[in-house]
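Student: Residue numbers (the numbering used here), protein chains in the order written: chain F, 61 to 98; chain L, 115 to 728. Even for Gly, the Cβ is constructed at its ideal location relative to N, Cα and C. In this text, all values refer to a predicted model and were calculated from it rather than measured experimentally. Input: one structure, supplied below.
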């Protein structure tokens with residue numbers, strides 16, 4: 061159980077970083093930024 | 115000797131296809147003849163043809179060869195006592211499309227199942243694939259009957275429109291007719307040669323025929339799609355509807371490819387659901403344990419096929435809709451912001467019902483395994499997530515209200531529920547619904563297995579983490595971009611949402627494949643040991659799909675409003691108006707009932723064909 065949560069936390073951080081990069085990349089491909097600028 | 119025969123058949127089929135391919139340019143040459151011959155007639159019909167043709171002549175002789183779209187009057191639409199042309203065509207087109215979708219989809223997954231059977235040497239797949247194709251064979255002739263009815267009805271009730279369309283599409287229409295020969299030939303060889311071409315090299319020949327059958331079938335559909343998408347987003351003609359000389363531009367019009375993709379995926383989902391209903395019918399009427407086990411397995415496989423098509427379908431639909439907006443904002447607004455928007459609420463309810471039915475079937479299916487007890491406790495959480503998403507998915511942006519109700523609400527939008535009516539909320543909900551449906555499938559798949567690899571806890575942790583991160587990301591994109599940015603950001607954010615969902619599905623499938631390689635079985639799966647109520651979920655799936663396709667098909671056609679060909683050729687018949695939603699729903703419901711009655715007839719035929727004389 062302990063090892064599950066250890067892996068889970070590491071995998072969560074890695075996944076979050078991955079999705080952040082994915083969002084930035086896909087928005088950039090459409091000529092936009094991830095965060096909205098007025 | 116037999117091998118020579120097979121080679122002959124293969125060569126003849128290839129030659130036939132080559133002949134059709136070669137026939138293309140000749141048919142195209144004939145095209146100009148047909149249109150030129152009809153040019154004067156068109157010009158006479160067309161009110162302003164003389165004035166419009168004059169500048170065209172000045173531009174060059176080639177353009178003047180092609181007449182503009184005729185401008186019709188009410189008198190140009192023949193009337194047949196006791197028949198309403200529009201209803202007749204509506205029903206014939208809808209029924210033709212349902213059966214066509216079914217008969218085009220079945221060979222796709224039959225080929226895949228046959229391939230799986232060949233690779234795994236498991237005869238059960240081969241037998242099931244054969245049974246699938248057997249069911250579709252009767253439906254094939256019914257498809258052709260409704261196709262004929264549709265063509266005759268169009269010629270009778272809309273002769274000038276058909277003349278215009280035939281002028282533009284004569285080459286594709288002839289190709290369609292010839293391809294139909296190839297389709298029939300390959301289907302009959304595929305079906306009747308199933309046992310003859312069963313072993314060794316002959317099986318490869320059989321698979322090749324299946325591949326040809328699918329290639330021809332899909333091409334047929336793409337050709338017919340070109341006709342309907344031309345009516346929505348005409349290409350290759352000038353603003354008056356005169357052909358510009360480029361056949362490919364007429365076929366490859368703006369909405370052609372989005373519709374092609376949407377229909378291929380939808381057909382697979384639909385075909386799976388109808389076969390699922392067939393399996394459920396056979397399961398419920400089975401008298402032996404063996405039959406129950408067989409049809410339970412068949413129903414499960416059909417459900418997997420239907421869900422595999424259902425999961426990517428919203429994305430293909432989204433692309434199609436996005437392209438409709440891109441082609442004509444007016445058309446897009448009519449579609450989702452005008453009268454048709456209300457049908458999308460019904461669509462949302464039906465799609466929700468599809469997801470719930472598919473999940474319910476999987477949950478019931480866990481009864482087949484003794485190891486399912488480890489996972490059944492999670493079902494309630496999945497149900498909450500799916501129902502929650504479902505509620506968001508079908509929440510309307512506004513409601514039809516009386517003045518008093520409007521006053522009580524303080525405006526057309528509800529304070530809390532109103533924001534859930536816009537697309538970012540729907541996108542977020544449908545992505546979560548898809549992810550949890552996939553989770554149900556993952557739990558079902560592992561409920562009878564015990565992973566033996568040492569890294570199983572890490573694999574599970576990675577899958578759980580990616581699910582949590584993806585859902586957080588989808589919610590962030592939906593809420594932040596949906597409510598705190600402008601329209602381009604809102605639309606653009608739907609792309610990373612979709613990619614996040616697809617990534618989770620692919621990533622988890624890869625981990626599962628490695629994690630459960632060489633896994634132990636808890637106990638042999640007990641096929642047939644599912645409650646009868648699970649089979650009604652399969653019926654629900656097929657009926658919801660059918661009704662949904664009918665309603666959405668009406669919308670697709672109806673957004674042309676009073677145009678035969680959008681902005682090019684006006685419909686001036688007495689039926690050139692948009693019927694009320696209630697009326698449209700009644701017609702579609704009637705069509706659904708006719709379809710279901712014929713489907714039951716086909717199932718019954720299949721039953722009696724298996725019976726032996728006593």
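#1: Roughly how many angstroms separate the alpha carbons of residue 591 of chain L and residue 636 of chain L, rounded to a whole number?
#2: Whose C-beta lies closer than 8 Å to the C-beta of residue 512 of chain L among residues of the same chain, with five residues either side of it excluded?
#3: Note down the Cα distance separating residue 88 of chain F from residue 94 of chain F, rounded to an integer number of angstroms.
#4: Go ahead and pull the three-state DSSP assignment for residue 179 of chain L.
#5: In chain order, which alpha helix (DSSP H) runs of at least 4 residues are fully inside the region 254-306 of chain L?
#6: Residue 431 of chain L: which of L/210, L/654, L/649, L/608 sits nearest, CA to CA?
#7: Mapping DSSP to helix, strand and coil, what is residue 134 of chain L?
#8: Give me the chain L residues within the contact set of residue 81 of chain F, using Cβ-Cβ distance strictly less than 9 Å, ordered along the chain.
#9: Residue 817 of chain L lies in the alpha helix (DSSP H); which residues open and close that run?
#10: Using the Cβ count rule (16 or more neighbours within 10 Å means buried), how would you classify residue 311 of chain L?
#11: With a cut-off of 8 Å on the beta carbons, I'd call residue 554 of chain L and residue 588 of chain L a contact; round off their distance for me.
#12: Give the interface partners of residue 609 of chain L over in chain F, defined as CB-CB distance under 9 Å, in chain order.
#13: Using the C-alpha atoms, what's the distance from residue 577 of chain L back to residue 618 of chain L?
#14: Tell me which residues share the same chain as residue 490 of chain L and place their Cβ nearer than 7 Å to its Cβ, disregarding the 5 neighbours each side in the sequence.
#15: Closer than 8 Å, CB to CB, is residue 603 of chain L near chain F or not?
#16: Does the separation of the CB atoms of residue 384 of chain L and residue 659 of chain L fall below 8 Å?
#17: For residue 362 of chain L, count the other beta carbons within 10 Å of its own beta carbon; 16 or more makes it buried, fewer makes it exposed. Which is it?
#18: Output yes or no for whether 8 Å exceeds the beta carbon distance between residue 655 of chain L and residue 552 of chain L.
#19: Starting from residue 357 of chain L, follow its DSSP beta bridges and name the residues at the other end.
#20: Check the C-beta distance from residue 473 of chain L over to residue 500 of chain L and give it rounded, since I have them as a contact under 8 Å.
#21: Would you say the beta carbon of residue 373 of chain L is closer than 7 Å to some non-hydrogen atom of the ligand ADP?
#22: Going by other Cβ atoms of all chains shown within 10 Å of its Cβ, with 16 needed for buried, is residue 81 of chain F buried or exposed?
#23: Counting along the chain, where does the alpha helix (DSSP H) carrying residue 376 of chain L start and finish?
#24: Between which residues of its own chain and residue 662 of chain L is the CB-CB distance below 8 Å, once the five residues before and five after are set aside?
#25: For residue 168 of chain L, which residues from the same chain have a beta carbon less than 6 Å from its beta carbon, with the 5 sequence-adjacent residues on both sides left out?
#26: Can you give, in chain order, each stretch of the beta strand (DSSP E) that sits fully within the region 644-711 of chain L and has at least 3 residues?
#27: Using 10 angstroms around the beta-carbon of residue 649 of chain L, count the other beta-carbons present and answer buried if the total reaches 16, otherwise exposed.
#28: Can you list, in chain order, the residues of the region 571-598 of chain L whose Cβ is nearer than 7 Å to any Cβ on chain F?
#29: So which residues of chain F does residue 614 of chain L contact, with C-beta pairs closer than 9 Å?
#30: Just to confirm before moving on: does the CB-CB distance between residue 634 of chain L and residue 564 of chain L stay below 8 Å?
#31: Tell me, to the nearest whole angstrom, how far the beta carbon of residue 712 of chain L is from that of residue 256 of chain L; I am working on the premise that it is less than 8 Å.
#32: How would you label residue 515 of chain L, buried or exposed, when you count the other beta carbons within 10 angstroms and need 16 or more for buried?
#33: Determine, for residue 565 of chain L, whether the minimum Cβ-Cβ distance to residues of chain F falls below 8 Å.
#34: List the residues of chain F whose Cβ lies closer than 9 Å to the Cβ of residue 363 of chain L, in chain order.
#35: Let's see if you can read the secondary structure: which residues bound the alpha helix (DSSP H) around residue 611 of chain L?
Tutor: Inspection of the coordinates gives the following:
#1: If you number the second chain from 1, residue 591 of chain L lands on position 477. If you number the second chain from 1, residue 636 of chain L lands on position 522. Approximately 41 Å between the Cα atoms of the pair.
#2: Along the second chain, read from residue 1 onward, the residue named residue 512 of chain L stands at position 398. Answer for residue 512 of chain L: 526, 527, 532, 535, listed in chain order.
#3: Counting from 1 along the first chain, the entry for residue 88 of chain F is found at position 28. Counting from 1 along the first chain, the entry for residue 94 of chain F is found at position 34. Whole-angstrom Cα-Cα distance: 8 Å.
#4: Here residue 179 of chain L refers to the residue found at position 65 when the second chain is read from its first residue. Here residue 179 of chain L sits in coil by DSSP.
#5: 273-306
#6: Mapped onto the second chain, residue 431 of chain L falls at position 317. Ranking L/210, L/654, L/649, L/608 by Cα distance to residue 431 of chain L puts L/608 first.
#7: As a first step, residue 134 of chain L must be located in the second chain, where it is residue number 20. With a pLDDT of only 39 at residue 134 of chain L, under 50, the local geometry of the prediction cannot be trusted, and the value read off the model is given with reservation. In the structure shown, residue 134 of chain L sits in a helix (DSSP, three-state: H, G or I).
#8: Taking the first chain and counting its residues from 1, the one referred to as residue 81 of chain F is at position 21. Chain L residues near residue 81 of chain F: none, gap ~10 Å exceeds 9 Å.
#9: Because chain L here runs from 115 to 728, residue 817 of chain L falls outside it and cannot be looked at.
#10: Translated into positions along the second chain, residue 311 of chain L becomes position 197. Burial call: buried.
#11: As a working note, residue 554 of chain L is residue 440 in the second chain. As a working note, residue 588 of chain L is residue 474 in the second chain. Not confirmed; about 18 Å, so no contact.
#12: Translated into the one-based positions of the second chain, residue 609 of chain L becomes position 495. Correct list: 86, 87, 89, 90.
#13: Sequence index remark: in the second chain, residue 618 of chain L carries index 504 (1-based). Sequence index remark: in the second chain, residue 577 of chain L carries index 463 (1-based). Each residue's Cα considered, the two are about 8 Å apart.
#14: Here residue 490 of chain L refers to the residue found at position 376 of the second chain. So the qualifying residues of the chain are 480.
#15: Here residue 603 of chain L corresponds to residue number 489 of the second chain, with the count starting at 1. It does; some Cβ of chain F falls within 8 Å.
#16: Sequence index remark: in the second chain, residue 384 of chain L carries index 270 (1-based). Sequence index remark: in the second chain, residue 659 of chain L carries index 545 (1-based). It is a contact, given that the beta carbons lie within the stated cut-off.
#17: Position 248 of the second chain, counted from the first residue, corresponds to residue 362 of chain L. When all chains shown are included, residue 362 of chain L counts as exposed.
#18: For the purposes of this step, residue 655 of chain L is taken as residue 541 along the second chain, with counting starting at 1. For the purposes of this step, residue 552 of chain L is taken as residue 438 along the second chain, with counting starting at 1. For residue 655 of chain L and residue 552 of chain L, no; Cβs fall outside 8 Å.
#19: Taking the first residue of the second chain as 1, we reach residue 357 of chain L at position 243. For residue 357 of chain L, which the question treats as bridged, DSSP gives the partners L/351.
#20: Within the second chain, numbered from 1, the residue matching residue 473 of chain L stands at position 359. Within the second chain, numbered from 1, the residue matching residue 500 of chain L stands at position 386. Contact holds; Cβ gap of about 6 Å.
#21: Within the structure as shown, the ligand ADP is missing, as the structure has no ligands at all.
#22: Taking the first residue of the first chain as position 1, residue 81 of chain F is located at position 21. With fewer than 16 Cβ atoms within 10 Å of its Cβ, residue 81 of chain F is classed as exposed.
#23: Locating residue 376 of chain L in the second chain gives position 262, counting from the first residue. Looking at the DSSP string, the run of the alpha helix (DSSP H) that includes residue 376 of chain L is 370-399.
#24: On the second chain, residue 662 of chain L is found 548 positions in, with the first residue counted as 1. 461, 464, 465, 468.
#25: For this step, residue 168 of chain L is matched to residue 54 along the second chain. Because residue 168 of chain L carries a pLDDT of 45, less than 50, the predicted location of this residue cannot be relied on, and the following value inherits that uncertainty. Hits under 6 Å: none found.
#26: 677-679
#27: Within the second chain, residue 649 of chain L is the residue found at index 535, counting from 1. By the 10 Å Cβ count, residue 649 of chain L comes out buried.
#28: 571, 572, 574, 575, 576, 578, 579, 580, 582, 583, 584, 587, 591, 598
#29: As a first step, residue 614 of chain L is located in the second chain; it is residue number 500 there, counting from the start. Residues of chain F passing the Cβ test: 79, 82, 83.
#30: Counting from 1 along the second chain, the entry for residue 634 of chain L is found at position 520. Counting from 1 along the second chain, the entry for residue 564 of chain L is found at position 450. A contact, by the Cβ cut-off of 8 Å.
#31: The residue you call residue 712 of chain L lines up with position 598 of the second chain. The residue you call residue 256 of chain L lines up with position 142 of the second chain. Correct: roughly 6 Å between the Cβ atoms.
#32: Here residue 515 of chain L is taken as the residue at index 401 of the second chain, counted from 1. Classification of residue 515 of chain L: exposed, given that the 10 Å Cβ count is below 16.
#33: Locating residue 565 of chain L in the second chain gives position 451, where the first residue counts as 1. By this cut-off, residue 565 of chain L is not an interface position.
#34: For the purposes of this step, residue 363 of chain L is taken as residue 249 along the second chain, with counting starting at 1. Within chain F, no residue comes near residue 363 of chain L; the closest Cβ sits about 27 Å away, beyond 9 Å.
#35: Taking the first residue of the second chain as position 1, residue 611 of chain L is located at position 497. Unbroken alpha helix (DSSP H) run through residue 611 of chain L: 601-629.
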